[in-house]
Amino acid sequence: MSFSEARSVIPLLLLLAGFCLSDAAKTPAPATMTETTSQQTTVNISGSTGSEYATHITGPSKTTEDAKELTEKIPVLAEMKYNITLKEFSTEVKNITLGQPTVLELLCLLDINPLPDKATIEVTWRMGNTTIRDDNATKDEHQNIWSTQYMAEIKNRTQLGNYACIFKTKEKAEGIFDVQVPEIGGKSKSLISYEGDSVVMSCDSGKYVPLDWVWYTMNGSEQVFINDTLRPEKYQVSPKNLNITKLKVLGLTENDGGFYWCEAIFLQLGESRGKASLKVLTYMAPLKPFLAIAAEVIILVALIFIYEIYTRKKEPVAEGEKEFEQTEQLKSEDSNGVENSTARHRKV
Amino acid sequence: MNPHVASSDPPDGGWGWMIALAAFLQTALVFGVVRSFGVFFVEFVVHFGEPSTAVSWISSVTVAVLMFTSPLASALGTQYGERPVGIVGGFLSGLGLFLASFATSLAQLYLFIGLLTGVGGALIFSPSLALVARYFKRRRALANALVFSGTGISALAFSPLFQFLVDSYGWRGALLIVSGMAFHLVVCGALLRPLPLAPNDASGAPGQESRWGRLASLFGLRLLRHRAFMTFCGSGVLITAGYFMPFIHLVPHARETGFDEYQAAFLVSVVGIADIAGRIVAGWLADCGPLRLVHHLTLWTLLTGVTLLLVPLGRNYTSMVAVSIGYGFLASAIIPLKFSTLVEIVGPDQIMGAIGLIHLMESFGALAGPPLSGWIRDATGSYVASFQAAGSILIVGALVLVALPNHLRCLPAASPQDPEDGKEEHDPCPTEDGGFRTEGS
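If you read the sequences in order, they're chains A and B. For the first sequence, full-length UniProt numbering gives the first residue as 1, with consecutive numbering after it. For the second sequence, full-length UniProt numbering gives the first residue as 1, with consecutive numbering after it.
See below:
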């Protein structure tokens with residue numbers, strides 16, 4: 001018996017050992033955000049993306065020195081390359097997720113067979129519905145592969161979207177790069193909590209660290225910003241500068257149920273939203289099944305005892321001759337009260 | 001038919017099956033709940049903001065308390081009878097979970113679930129198993145096997161059930177309802193109709209012993225001088241240490257070999273199902289086979305050890321599944337057979353004390369096993385070595401069993417056509433000090 005539940009202990013004990021040994025997960029990114037209520041804000045982020053940059057946001061600078069300092073900090077953009085390989089007639093889509101302004105090198109390769117009789121293949125690059133470039137594809141010397149390349153600088157939210165390379169062959173071949181901000185992982189199930197209790201909702205942005213998180217709740221059909229500095233006894237938001245955010249709602253009432261939105265604001269690229277939903281129950285909800293079960297238990301126990309007393313009452317005649325050894329039994333086995341003080345029957 | 005003898009004959013049926021049912025429910029509710037607690041852990045981590053290591057201690061504390069208070073439970077059961085102790089135990093278990101649903105801190109969870117439910121579990125566990133031992137003789141192994149299959153079945157059923165409860169009522173409501181389920185342990189306790197022992201089996205004349213002597217016999221301390229029992233304990237510690245190491249490491253090993261989460265989780269389910277099947281088959285075999293129980297136990301333990309040594313051969317998924325099935329099937333038999341053998345060794349009168357003591361000793365094996373295997377894994381860099389270590393420990397444990405007195409003597413054994421008057425036990429083993437006792441008159 002020790003085993004079977006020891007079995008369940010062991011995973012936990014081993015987890016314990018494992019966690020003690022690998023204490024990695026707790027180091028937050030060394031992000032410092034100093035925000036002053038006056039005009040100037042400076043943000044320094046050195047995140048896991050490996051790129052460092054400082055960006056100034058708004059505000060007239062107070063001194064010329066500040067202005068110089070600001071203009072000297074040039075954003076160093078991350079660079080990423082993506083390829084799509086196409087065959088004729090095909091359309092391929094590649095999803096690109098960006099957490100910060102990036103320079104994208106987009107490469108489309110067309111593998112065509114047999115050789116076309118033309119010397120060149122025309123290629124159109126499109127962003128959304130507008131054409132951004134008309135070009136000729138270059139053929140690789142040794143193989144039947146035609147390639148075209150486009151450098152896209154994604155610096156603000158208007159530059160997000162679908163970048164498509166379209167090869168103008170007999171049957172079109174199209175490659176689509178879908179450039180978006182990261183999707184926020186929320187919970188698909190409702191969180192359930194009780195009146196007077198507290199609940200924690202969290203959102204996760206994966207590998208990408210946003211600038212800030214904002215929480216909203218729905219009031220009817222309107223979106224209401226959750227201000228935790230205004231009502232700290234009710235809402236607590238922490239932390240704000242990692243890829244996870246947690247909203248703790250205290251002192252729940254039934255009105256607090258509904259949808260909550262967590263919005264991650266990414267540097268210059270816009271926002272992305274995740275959803276969480278909350279249900280607030282009263283204690284009556286689980287209490288009813290519990291009382292039903294408790295009543296069932298009491299009834300069962302009563303039945304068992306009644307059955308026992310009933311069957312025992314039927315046996316005093318048959319057990320008469322066993323009285324002698326009864327007393328011996330009682331001496332050797334401490335009586336536990338009513339149950340076996342009288343007849344001890346042997347079930348056949 | 002001598003009524004004197006007949007009254008002490010284990011019924012091997014009748015109300016005994018109700019006792020078996022009670023014990024089955026008890027293992028299901030106590031250990032099944034502990035095993036399926038993972039669902040709640042996730043919720044606790046989120047709600048209390050504590051790291052998972054702190055939360056996982058809840059389960060460890062529960063099990064540790066259960067094992068350490070086993071001797072106490074045995075003593076109380078011997079003193080006051082199985083039924084009252086069982087009912088109190090059931091009530092405490094349910095109460096612990098009930099109070100836990102109102103908890104506002106992790107410490108309270110340790111207290112309510114760990115302490116209350118743990119003690120309650122111990123109080124219902126020892127008496128119910130002892131009674132099963134007393135109610136059955138010929139079919140004891142099968143009865144034990146059925147009883148212990150409760151854990152496996154409930155672990156399979158409770159996990160999805162708990163998840164559903166948490167999804168519908170949140171963790172507080174779910175705990176409330178689970179405590180209602182746990183209160184059924186009181187029903188189990190109520191079913192424990194005691195079976196007085198035969199005068200021969202009774203433990204001495206209590207009136208003449210001193211208070212310390214009485215206490216010692218309550219706790220079964222005299223068993224410490226029982227050579228067979230101590231040997232059995234020794235093997236028990238080894239077997240416990242090696243027994244579940246593979247179980248925990250199965251999933252990480254599978255992941256490291258390159259399988260994904262669902263495949264690894266499937267392996268666990270496979271082990272669980274093979275577990276249930278193995279217990280019942282082993283119990284049934286043991287009762288109707290010609291070998292003695294202890295031979296069965298040795299055999300199954302050896303086979304399990306050998307299977308574990310074969311784990312490194314599991315390179316692709318099919319062979320891993322095969323090894324898992326083998327391990328689940330073989331290893332599952334060990335627990336019920338252990339208890340059946342234990343009864344054979346110490347006799348039904350001392351079984352309660354024996355359960356308490358052996359639990360206490362095995363808890364050291366249980367607590368030493370995981371760190372040891374984790375250390376082996378860290379030292380060698382893979383889980384293969386820890387599987388092999390577990391296999392070797394099991395084999396050594398089986399060999400220790402061979403060292404039991406009269407192990408190799410007294411060949412077969414229980415003839416199914418036992419005379420109904422319940423005279424000498426079937427194996428003509430001479431009773432010597434530390435040897436096997438003859439049961440019955």
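Just so it is clear, CB atoms sit at the ideal spot from N, CA and C, and this is done for glycine as well.
Under 7 Å from the C-beta of residue i: neighbouring residues of chain A
i: B:His184; result: Val297
i: B:Ala190; result: Val301, Ile304, Phe305
Buried versus exposed, by CB contacts within 10 Å (16 or more), residue i
i: A:Lys313; result: exposed
i: A:Pro232; result: exposed
i: B:Pro11; result: buried
i: A:Phe89; result: exposed
i: A:Ala131; result: Strictly speaking, residue 131 of chain A in this sequence is Thr, with Ala absent from that position. Exposed.
i: B:Gly16; result: buried
i: B:His296; result: buried
i: B:Phe164; result: exposed
i: A:Phe305; result: exposed
i: B:Glu344; result: buried
i: B:Ala20; result: buried
i: B:Phe98; result: buried
i: A:Asp134; result: exposed
i: A:Glu141; result: exposed
i: B:Ala379; result: exposed
i: B:Pro371; result: exposed
i: A:Tyr307; result: exposed
i: B:Gln350; result: buried
i: A:Lys246; result: buried
i: B:Gly14; result: exposed
i: B:Ser319; result: exposed
Contact list for residue i against chain B, beta-carbon separation under 8 Å
i: A:Lys189; result: Asp167
i: A:Glu308; result: Arg193
i: A:Val200; result: Val46, His47, Gly49
Which listed residue (the options) has its alpha carbon closest to that of residue i
i: B:Phe387; options: B:Gly369, B:Ala23, B:Gln163; result: B:Gly369
i: A:Trp125; options: A:Lys139, A:Asn113, A:Cys108; result: A:Cys108
i: A:Met201; options: A:Ser188, A:Thr158, A:Leu104, A:Asn129; result: A:Ser188
i: B:Leu399; options: B:Trp300, B:Thr62, B:Tyr383; result: B:Trp300
i: B:His47; options: B:Ile19, B:Leu372, B:Thr104, B:Pro127; result: B:Thr104
i: B:Ala333; options: B:Gly272, B:Ala228, B:Gly353, B:Val85; result: B:Gly272
i: B:Gly38; options: B:Ala254, B:Leu161, B:Ala23, B:Leu76; result: B:Leu161
i: A:Phe266; options: A:Asp197, A:Leu252, A:Gln180; result: A:Gln180
i: B:Gly90; options: B:Asp349, B:Leu111, B:Gly118, B:Tyr110; result: B:Gly118
i: residue 447 of chain B; options: B:Leu330, B:Thr257, B:Leu250, B:Val306; result: Any question about residue 447 of chain B goes unanswered here, given that chain B covers just 1 to 441.
i: B:Leu176; options: B:Asp349, B:Ala100, B:Ala389, B:Arg377; result: B:Ala100
i: A:Lys148; options: A:Gly186, A:Thr158, A:Tyr163; result: It should be noted that the sequence gives Thr, not Lys, for residue 148 of chain A. A:Thr148 has its Cα closest to that of A:Tyr163, out of A:Gly186, A:Thr158, A:Tyr163.
i: A:Leu250; options: A:Glu195, A:Lys139, A:Tyr82; result: A:Glu195
i: A:Lys275; options: A:Leu98, A:Val214, A:Glu296, A:Gln236; result: A:Val214
9 Å Cβ cutoff met for residue i and residue j
i: A:Lys155; j: A:Pro101; result: yes
i: A:Leu281; j: A:Gly258; result: no
i: B:Asp287; j: B:Leu106; result: no
i: B:Gly121; j: B:Phe31; result: yes
i: A:Tyr216; j: A:Pro182; result: no
i: B:Gly189; j: B:Arg83; result: yes
i: B:Leu337; j: B:Gly391; result: no
i: B:Ile276; j: B:Ser168; result: no
i: B:Phe136; j: B:Thr27; result: no
i: B:Leu191; j: B:Ala22; result: yes
i: B:Leu308; j: B:Leu394; result: yes
i: A:Gly161; j: A:Ile84; result: no
i: A:Ile226; j: A:Ser205; result: no
CB contact below 9 Å: residue i versus chain D
i: A:Tyr194; result: This model lacks chain D altogether; the protein chains it does include are A and B.
Chain A contact residues for residue i, given Cβ-Cβ distances below 9 Å
i: B:Leu176; result: Tyr283, Pro286, Leu287, Pro289, Phe290
i: B:Gly328; result: Per Cβ cutoff of 9 Å: no residues; B:Gly328 is ~11 Å from chain A at best.
i: B:Gly173; result: Ile192, Tyr194, Leu281, Tyr283, Ala285, Pro286, Leu287, Pro289, Phe290
Listed by chain order, chain A residues near residue i by CB distance under 8 Å
i: B:Met181; result: Ile293
i: B:Val187; result: Val297, Leu300, Val301, Ile304
Beta-carbon neighbours of residue i, restricted to chain B and to distances below 7 Å
i: A:Val214; result: Correct list: empty, because the minimum Cβ distance to chain B is about 21 Å.
Alpha helix (DSSP H) runs contained entirely in the UniProt domain "Ig-like" (75 to 165) of chain A, provided each spans 4 or more residues: none
Alpha helix (DSSP H) runs contained entirely in the region 3 to 62 of chain B, provided each spans 4 or more residues: 3 to 6, 15 to 27, 38 to 48
Alpha helix (DSSP H) runs contained entirely in the UniProt domain "Ig-like" (182 to 282) of chain A, provided each spans 4 or more residues: none
Completely contained alpha helix (DSSP H) runs for the region 80 to 160 of chain B, where each covers 4 or more residues: 82 to 100, 106 to 109, 118 to 135
Ordered list of alpha helix (DSSP H) runs contained in the region 309 to 373 of chain B, each at least 4 residues: 317 to 346
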